[in-house]
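Structure, as C-alpha cells:
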Amino acid sequence: MNHKFLVGLFSLVLVFSSIQVAYGGGSGSEESDILFINQNYFKVQLETSPSILEGNEDHIVFDIITINDDTGEVVLGAEHKVEIFDGQGNLIVEFEAYSPNDKIQTQIVPSQSLNFLGETAENGAWLASNDSPLTIEAPLFLQGGLVDVQMTLLSIDNEPVSGTETTFQILFTMGEFIPFSIDVDDVTHDLMFATYFDKIENFHYDERDKKLTAHMPFNWDEDFIESIPFVHAEYYIPKTVDVFENYEIIMTVNDMSYFGTIDRSGDEEIVVHFLLSSKKLLKMIDENPPDLSGKMIFGIESGKKRDVQKSDASLEDGDKVIQLSSEEDWKFHLSLSPKGKINPGNDVTLHIEFHDPISNVIIQQNVYDLDIFLNGRIVESKQGLEAPDGTDSVTVNFDQTGSAIVRISNVNNFDTSGEFSFQVYAPKEELTGDHFVDIGVGTSIPGCENNDTCYLPTNLNIEPNQVVLWDNKDSSAHTVTSGTPEEDTSSIFDSGIIPAGEKFSFKFEQNGVYDYYCTLHPWMIGSITVGDTKPAVPEWIKQNAGWWAEGAIDDNAFVQGMQYLIKEDVLRIPPTSSNEGSGSNEMVGRRCN
Numbered sequence: 001m002n003h004k005f006l007v008g009l010f011s012l013v014l015v016f017s018s019i020q021v022a023y024g025g026g027s028g029s030e031e032s033d034i035l036f037i038n039q040n041y042f043k044v045q046l047e048t049s050p051s052i053l054e055g056n057e058d059h060i061v062f063d064i065i066t067i068n069d070d071t072g073e074v075v076l077g078a079e080h081k082v083e084i085f086d087g088q089g090n091l092i093v094e095f096e097a098y099s100p101n102d103k104i105q106t107q108i109v110p111s112q113s114l115n116f117l118g119e120t121a122e123n124g125a126w127l128a129s130n131d132s133p134l135t136i137e138a139p140l141f142l143q144g145g146l147v148d149v150q151m152t153l154l155s156i157d158n159e160p161v162s163g164t165e166t167t168f169q170i171l172f173t174m175g176e177f178i179p180f181s182i183d184v185d186d187v188t189h190d191l192m193f194a195t196y197f198d199k200i201e202n203f204h205y206d207e208r209d210k211k212l213t214a215h216m217p218f219n220w221d222e223d224f225i226e227s228i229p230f231v232h233a234e235y236y237i238p239k240t241v242d243v244f245e246n247y248e249i250i251m252t253v254n255d256m257s258y259f260g261t262i263d264r265s266g267d268e269e270i271v272v273h274f275l276l277s278s279k280k281l282l283k284m285i286d287e288n289p290p291d292l293s294g295k296m297i298f299g300i301e302s303g304k305k306r307d308v309q310k311s312d313a314s315l316e317d318g319d320k321v322i323q324l325s326s327e328e329d330w331k332f333h334l335s336l337s338p339k340g341k342i343n344p345g346n347d348v349t350l351h352i353e354f355h356d357p358i359s360n361v362i363i364q365q366n367v368y369d370l371d372i373f374l375n376g377r378i379v380e381s382k383q384g385l386e387a388p389d390g391t392d393s394v395t396v397n398f399d400q401t402g403s404a405i406v407r408i409s410n411v412n413n414f415d416t417s418g419e420f421s422f423q424v425y426a427p428k429e430e431l432t433g434d435h436f437v438d439i440g441v442g443t444s445i446p447g448c449e450n451n452d453t454c455y456l457p458t459n460l461n462i463e464p465n466q467v468v469l470w471d472n473k474d475s476s477a478h479t480v481t482s483g484t485p486e487e488d489t490s491s492i493f494d495s496g497i498i499p500a501g502e503k504f505s506f507k508f509e510q511n512g513v514y515d516y517y518c519t520l521h522p523w524m525i526g527s528i529t530v531g532d533t534k535p536a537v538p539e540w541i542k543q544n545a546g547w548w549a550e551g552a553i554d555d556n557a558f559v560q561g562m563q564y565l566i567k568e569d570v571l572r573i574p575p576t577s578s579n580e581g582s583g584s585n586e587m588v589g590r591r592c593n
C-alpha cells in the first residue's frame, strides 16, 4: 500500500504547574517550550525515528538536543534526568544520561523487560555520546500511542544549573500502521489502520450494516481530555472494496455522527481521517453512551451510492460530467438531455448541481452566473440565477453545429468558475431495414462459431431489393465484409469499423448467395441468400445422374463423383437456417458469375 499520513501538522503548548510542556503531532522532531536557566533561555529538541511504527523496527532512535535559544547554538556536555510515561501517566523508564557531544544519543529497543546497555560517565550518569550511545530495552513503542517525556536539565559541562523551572516536557504521539483484513461478499480485502494516540484492541466488520469499526481504549474524563490537544486516526481502504469505493462513507465516533475528511484522490486507496480536537471531544462527553466510557470506536459505514463520473463520460450521450472549480471550492456536475440528441433546433436542457469538493454533498442556497458559447460566440448569458436546493435546469437551443462551452461562474459572489465542453452534431440518419441481423454480445472472443451465434441469424434468405440492417450489440467493434476469411473480401459490400452500439445496412439488388465475415474477428461468418433458393444443378451433373440411374455407372463411382464435386465447391450444401424454417439440407450447384 502507498501509505499517506498527516503528522506533525499540529502543535499546542500546555502548562502543568512548574513544568513547561509542548505537544507534538509525531513528526519525528518535537521541541519543548523555552525555560529560563542560568541566565539564558533554553529549549530541548527530541528526535525520534521512525515516527510511524510498521511492526518491523529493531529499535527507535531517541535523541535529546539542548539548545541555547538566545544564541541558537546547540549546548555541548548537557546532562538530563529523563522520565518517560505512557499515555495513561504510568512511568515506564527513568534514567540520567550525559553526552559531551551535541546530543544525548539513545536507542530504545521495544521489549517486555527493562535493561540498560552502555557505559557510565564519571558523574555516574549513563554515557550517551556519538561514540558510545545508550541502548535501553524497555516496554516502550510496542504499539503506537501517546508518549510523555519529561527531561530535567541537571548540568552543563558538569556544572549544576540553577533556575526555578528546569524540567522540559514533550508530549508526542508515536504513530502505528496496523494491517488487518475484512471479508466483504466472500472476498477478503487487506486494509491498514493508522493510530496516533493509543493501541487498537480489535477491528470488526458488520456485513449486514456494512459498517467497519476500530476499538481503542480511551479515557473520557474531562480533565484528561483537556490535557490533550487532539486524537488522530486513519483508515486506508483499497479502492477494490466496492461498499466504500462506490458508496458514500458515513463516519462515526462511538456511534455519534462525525464529519471528518475522506480523501479519494489516490489511485489505489481511500484515506479516511479522524482528527478530533480537545474542544470537539469535550462537546461529545454528554452524548457519549455510558457503556462506551472507556473506549473510542472509530466507525465508517457504507451510505448511499456515490454520484461518480464514468471513465468515458460523454455529455452528448447523456452522462454526468464533474468539474472542479478554478478555486477548488466547488464541484460542478452537469448532464444534458435529451440523450444523444444534442442537435441544432432541439431544445437542450442543462442539469446543473453544486457539490462540496470534499464530501461531495449538494450545497444549497446558491446564486451563480451562466454563459453558453457556440463556436466562440455567446448564445446565452444569464446573471444571478438561483439554485435554492443546490440544483438548477436551464434550456438552450443551438442554431447550428459546432463546439459548445458552458461556463459557470461567480458562485455566491466569489471569483470561481468551471467550464464544460461538448459538440452539437447534425442529426444522425436513422437506418432502417427489411431484415435484421444482430452482432452478438461476446463475439469478439472465439466460441460463437460453435453454435452459430456470431451473427444472428447466421444465414438469412431475402428477396431482391431488400435491405439488411446489422446491429452491433457487442461491446467491441466489428465489421460486415463480403467474402470469406479464406478467399478475402469480394468488394461487394464492406461496413468498415462498426463501433459498439452502431449499425450498418446494405441493399441487395441481385439474386445470389453472399457470404460475409468480420475482418477483425475472422471466426465470425454469415451468409445472405437473395432470391430463388431452388437448387441450380448444371446439365452435365444431371446427365451423370441419369447414367447412374440407368446403371451405366455404379454406386461407388457416383458417390465418389459427388464427393469430389462437394470438395471442390462445385456443389454446396448450405446449413439449415432455423430462423427461416427450412428444416433440411439441399445440394446446391454453385453459380458461376
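Be aware that the sequence shown starts at 1, since it is given in the UniProt record's numbering, and climbs by one per residue. Where a beta carbon is used, it is the ideal one built from N, C-alpha and C, also for glycine.
From which residue to which residue does the alpha helix (DSSP H) around residue i run?
i    : result
K295 : No alpha helix (DSSP H) holds K295; the beta strand (DSSP E) holding it covers K295 to K305.
F244 : D242 to E245
I104 : From DSSP, I104 is part of no alpha helix (DSSP H) but of the beta strand (DSSP E) over I104 to P110.
D86  : Looking at the DSSP string, D86 is not in any alpha helix (DSSP H); the run it does join, the beta strand (DSSP E), is A78 to D86.
I405 : That residue, I405, is in no alpha helix (DSSP H); its beta strand (DSSP E) goes G402 to S409.
How many whole angstroms separate the CB atoms of residue i and residue j, which I take to be in contact at a CB cut-off of 8 Å?
i    : j    : result
V468 : V441 : Not quite, the Cβ-Cβ distance comes to about 20 Å (not below 8 Å), so this is no contact.
I67  : V61  : Not confirmed; about 18 Å, so no contact.
A387 : F354 : 6 Å
F193 : T173 : Going by Cβ atoms, the distance from F193 to T173 rounds to 14 Å, so no, they are not a contact pair.
L315 : F398 : About 13 Å separates the two Cβ atoms, so there is no contact after all.
L91  : E83  : 6 Å
N288 : W220 : 6 Å
L154 : K81  : 6 Å
S132 : E119 : 5 Å
L146 : G87  : 3 Å
Q510 : V530 : 7 Å
D356 : G340 : Not really, about 31 Å apart at Cβ, beyond 8 Å.
Looking at the secondary structure, which residues open and close the beta strand (DSSP E) in which residue i lies?
i    : result
L275 : E269 to S277
D190 : V187 to T195
F436 : H435 to I439
E234 : F230 to P238
F218 : No beta strand (DSSP E) contains F218, which DSSP labels as neither H nor E.
Q39  : Here Q39 belongs to no beta strand (DSSP E), and DSSP marks it neither H nor E.
M174 : T167 to V184
W330 : That residue, W330, is in no beta strand (DSSP E); it is neither H nor E in DSSP.
W470 : Q466 to N472
R377 : R377 to A387
A138 : L134 to A138
K199 : Taken as a continuous stretch (DSSP letters only), K199 belongs to no beta strand (DSSP E), as it is neither H nor E.
K503 : K503 to F508
F398 : Segment: none, F398 is in no beta strand (DSSP E) and carries neither H nor E.
T66  : I60 to N68
Quick one: what does DSSP say residue i is sitting in, helix, strand or coil?
i    : result
Y258 : coil
A545 : helix
L431 : coil
Y425 : coil
N556 : helix
V160 : Strictly speaking, residue 160 in this sequence is Pro, with Val absent from that position. Note: P160 maps to strand in three-state DSSP.
I566 : helix
L281 : helix
G418 : strand
D356 : coil
L292 : helix
F224 : helix
N459 : strand
G144 : coil
G526 : strand
E96  : strand
A366 : According to the sequence provided, residue 366 is Asn. The question's Ala does not apply to it. Reduced to three states, the DSSP call for N366 is strand.
E31  : strand
N115 : strand
G25  : Residue placement at G25 is poorly supported in this model, since its pLDDT is 47, which falls under 50; the coordinates are not used for a value here.
E73  : strand
query: Looking at C-beta atoms only, is the number of pairs between the stretch 469-476 and the stretch 490-508 that lie closer than 8 Å three or more?
result: yes
- prompt: Are there three or more Cβ pairs, one per stretch, closer than 8 Å when the stretch 31-40 is compared with the stretch 152-164?
  reply: yes
query: With contact counted as at least three CB pairs below 8 Å, one residue from each stretch, are the stretch 457-466 and the stretch 345-360 in contact?
result: no
message: For the structure I just gave you, are there three or more beta carbon pairs, one from the stretch 365-372 and one from the stretch 407-427, closer than 8 Å?
response: yes
message: Measuring CB atoms only, is the stretch 476-487 touching the stretch 554-564, in the sense that at least three cross pairs come out at less than 8 Å?
response: no
Segment contact, 8 Å Cβ cut-off, at least three pairs: the stretch 283-300 with the stretch 317-331: no
query: Do the stretch 417-432 and the stretch 389-403 make contact, defined as three or more Cβ pairs closer than 8 Å?
result: yes
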